[in-house]
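Numbering (the numbering used here), first residue to last: 88 to 683.
Backbone N, C-alpha and C define an ideal beta-carbon position, used for all residues, glycine too.
All values derive from a computational prediction rather than experimental measurement.
Heads up, the thing below is written out as structure tokens.
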């Protein structure tokens with residue numbers, strides 16, 4: 088074959104293979120032909136998969152246009168084509184292979200696919216006229232059948248590889264979706280959702296940059312709540328975007344259609360304004376792939392998710408589907424987190440309204456600490472209270488309604504308000520009488536609340552309700568009644584902490600007819616009465632007596648602290664991180680009387 092001036096590609100045929108070259112060598116050797124080819128046809132060209140005797144330009148290209156492909160005749164006729172001299176054949180004399188490539192003698196046998204369709208030919212070519220013998224044609228047909236088997240085997244292997252790739256991709260896709268679901272299940276705040284996005288994007292997608300921009304309350308802009316890997320000077324220029332800005336994040340928010348960019352250059356080409364923003368940074372953004380995805384849940388736009396990679400990236404359809412799934416999970420988790428945030432705000436407002444400011448009468452200093460266990464509502468059934476009676480005595484209360492949610496907080500509010508009313512209405516009564524009335528009201532009004540409570544009345548000695556005179560100068564008589572609640576602790580400077588535990592009566596809400604008792608002790612100036620709920624001391628792995636001993640020891644160590652520091656430091660010492668139960672602590676410090 089002659090070197091041709093045809094515009095041939097310079098990239099070798101991707102199907103060229105040493106195994107198929109072998110068929111060409113066998114054909115050329117047995118038939119004594121200078122050229123032999125293993126070729127298949129596409130819709131636009133002839134691919135030469137195996138060859139012997141090609142000129143350099145064809146050897147490099149391994150492709151021919153269909154106008155120069157004699158094997159097209161084999162495909163059309165679906166049988167062997169034997170041509171002693173193509174120049175004498177009226178149908179082939181003007182063929183491009185004859186006029187441009189000096190093909191004179193030609194013999195080709197069909198190559199078939201799995202369904203028996205002829206897709207190419209194994210052929211031998213000579214640049215001089217020659218008569219092909221029946222033996223040569225039969226040999227070439229047998230060789231073509233063997234070549235067909237090899238091509239079919241290759242097809243089977245390729246299909247198996249594709250199937251394996253599809254299965255592997257499906258498995259990876261499934262695992263990634265499972266990872267997404269698990270990562271977002273436990274996320275209950277916006278911060279936790281954004282951390283989950285960053286983790287899944289890095290582990291599952293290889294993204295080194297992620298950012299969640301939430302729609303502003305007024306609906307006119309977007310603000311990034313997280314900008315992982317958006318660091319360096321000038322990052323604040325990227326934090327906020329108006330919906331009218333010519334930026335990818337704003338465009339996606341307006342259209343709710345995702346955008347994909349192979350690299351940062353493609354992004355700037357589409358949004359030229361981004362070049363100016365990036366120029367103000369001391370550390371340019373990575374020149375890699377970028378995906379900007381709308382976060383939409385139940386038809387409502389919540390924000391936009393931006394993902395970035397350190398190198399250019401092409402986004403195939405299956406890749407886009409995975410990223411769309413990540414955006415979907417993110418949007419659902421964000422909607423849940425935003426609703427929980429709103430619910431927590433409402434609940435906290437309710438809790439703050441019920442836990443009113445403590446009084447600070449002249450003879451006492453009060454301080455309290457409240458720590459909820461509930462992760463969702465951030466409220467619970469524990470409460471503390473303090474009020475000054477008309478005669479000047481101080482009433483201190485702690486209580487614990489069963490539950491750690493808004494329902495428990497609501498029932499706590501009912502008990503607390505009712506107890507305050509009973510104490511104010513009967514200022515000459517004892518704590519036991521107030522608790523007895525509360526227990527009867529709980530049953531009679533249908534509240535049906537089970538709770539523990541401890542009510543203490545603090546009266547300067549000589550003016551107490553029972554008329555007891557004398558005592559320590561500046562001292563205070565404390566009278567308390569206990570409805571199934573942890574015993575109070577007396578904290579005395581120089582003497583440490585001591586549990587006041589004469590026993591407790593029945594819980595509220597169990598038997599309203601049961602009698603209740605009062606207990607009393609005297610406090611000196613500087614002493615602190617410590618009331619608390621069981622969340623401060625109860626631990627699964629610690630026996631209660633040991634926990635109470637530790638409480639008394641820690642309280643004694645903090646005896647010289649001001650009440651507000653005492654309750655904070657005591658709670659921090661006994662509660663590690665988020666408590667398993669609500670914790671309320673109330674400290675009542677006896678002050679020395681004003682001698683003026």
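In terms of CA proximity to residue 518, 602 leads the group 283, 602 and 498.
If only uninterrupted alpha helix (DSSP H) runs of at least 4 residues are considered, those enclosed by the stretch 266-335 are 277-292 and 323-326.
Distances from the CA of residue 199 to each of 174, 158 and 177 were compared; the closest alpha carbon is that of 158. Nearest neighbour of residue 417 by Cα position, chosen from 459, 402 and 286, turns out to be 286. Every unbroken stretch of the alpha helix (DSSP H) spanning 4 or more residues and falling wholly within the stretch 116-161 is given here in chain order: 143-148.
Note on the stretch 600-657: whole beta strand (DSSP E) runs with a minimum of 3 residues are 606-610 and 615-619, in chain order.
In the three-state scheme derived from DSSP, where H, G and I count as helix and E and B as strand, residue 521 is classed as helix.
Inter-segment contact for the stretch 644-654 and the stretch 526-537 is absent: fewer than three beta-carbon pairs are separated by less than 8 Å. The three-state reading of DSSP puts residue 451 in strand, counting E and B together. Contact check between the stretch 445-456 and the stretch 419-431: fewer than three CB pairs, one atom from each, fall below 8 Å, which does not count as touching.
According to DSSP, residue 471 shares a beta bridge with 485. DSSP, reduced to helix, strand and coil, places residue 168 within a strand of the structure shown.
Collapsing the DSSP output to three states places residue 584 in a strand.
Of the other Cβ atoms in all chains shown, fewer than 16 fall within 10 Å of the Cβ of residue 248; this residue is therefore exposed. When DSSP states are grouped into helix, strand and coil, residue 526 belongs to the helix group.
Under the DSSP assignment, residue 543 falls in the beta strand (DSSP E) whose first and last residues are 538-547. Contact check for residue 394 against residue 294 passes: the beta carbons are separated by less than 8 Å. Closest in alpha carbon position to residue 104, among 116, 121 and 146, is 146. Pairwise C-beta distances place the stretch 106-125 in contact with the stretch 215-235, as three or more of them are shorter than 8 Å.
Here the alpha carbon of residue 487 sits roughly 9 Å from the alpha carbon of residue 467. About 18 Å separates the beta carbons of residue 280 and residue 339, which is beyond the 8 Å limit, so they are not a contact pair. With a cutoff of 8 Å on beta-carbon distance, residue 575 and residue 638 are scored as not near each other.
Scanning the stretch 180-265 for uninterrupted beta strand (DSSP E) segments of 3 residues or longer gives 192-199 and 205-213, listed from N- to C-terminal end. Residue 141 sits close to residue 122, with the two beta carbons spaced by under 8 Å.
Straight-line spacing of the CA atoms in residue 480 and residue 460 works out to 33 Å. By the beta-carbon neighbour count (other beta carbons within 10 angstroms, threshold 16), residue 236 is exposed. Contact annotation: the stretch 565-581 does not touch the stretch 488-508, with fewer than three C-beta pairs closer than 8 Å. Taking all protein chains shown into account, residue 410 has 16 or more neighbouring C-beta atoms within 10 Å of its C-beta and is therefore buried. Partner residues in a beta bridge of residue 406, as assigned by DSSP, do not exist.
Contact annotation: residue 376 and residue 345 have beta-carbon atoms that are not nearer than 8 Å. The alpha carbon of residue 361 has as its nearest neighbour, out of 325, 206, 238 and 454, the alpha carbon of 325. The criterion of a C-beta distance shorter than 8 Å is satisfied by residue 595 and residue 540. Taken through DSSP and simplified to helix, strand or coil, residue 381 comes out as strand.
The C-alpha of residue 240 is placed about 38 Å away from the C-alpha of residue 177. Shortest Cα-Cα distance from residue 374 to any of 351, 384, 420 and 380 involves 351. The beta-carbon distance between residue 578 and residue 484, rounded to whole angstroms, is 18 Å. This is too long to meet the 8 Å contact definition.
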